[in-house]
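Note that this note's numbering has the sequence shown beginning at 15, numbered continuously upward.
Here the structure comes first, spelled out in structure tokens, and everything after it is commentary.
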Amino acid sequence: MQSSSVMKYQFKIRTRSGVLVENLSIFGQSEADASRKLRQIYNGCEIIESGCTQPPFNGRHGLLNYEEVVDLIIAA
């Protein structure tokens, strides 16, 4: 298995129907990859803001919450 750096990207978007969605987190290899995944979920959305954050991965000896586990599964 290759080691790849997966980053967590934060988005603020406006959906096609005009609803504002803030603090939307998507994992991706790059911002373009995360944007592509976002546009698959929210077809026709407008990305207002985006930013990159390093996910806090604590490994076997740290604590992970349910959302972090689900995010890691989805990113795979």
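Just so you know, even glycine gets a beta-carbon here, dropped at the ideal spot from N, CA and C.
DSSP places residue 80 in no beta strand (DSSP E) but in the uninterrupted alpha helix (DSSP H) bounded by 80-89. By the criterion of at least three beta-carbon pairs nearer than 8 Å, the segment 54-62 is not in contact with the segment 82-89. Listed in chain order, the non-local C-beta contacts of residue 36 below 6 Å within the same chain comprise 26, local neighbours out to five positions each way being set aside. Of all alpha-carbon atoms in 82, 38, 30, the one lying nearest the alpha-carbon of residue 65 is that of 38. Put simply, the backbone Cα of residue 43 is about 6 Å away from that of residue 21. Apart from sequence neighbours up to five positions away, the residues of its chain that approach residue 19 with a beta-carbon distance below 8 Å are 43, ordered along the chain.
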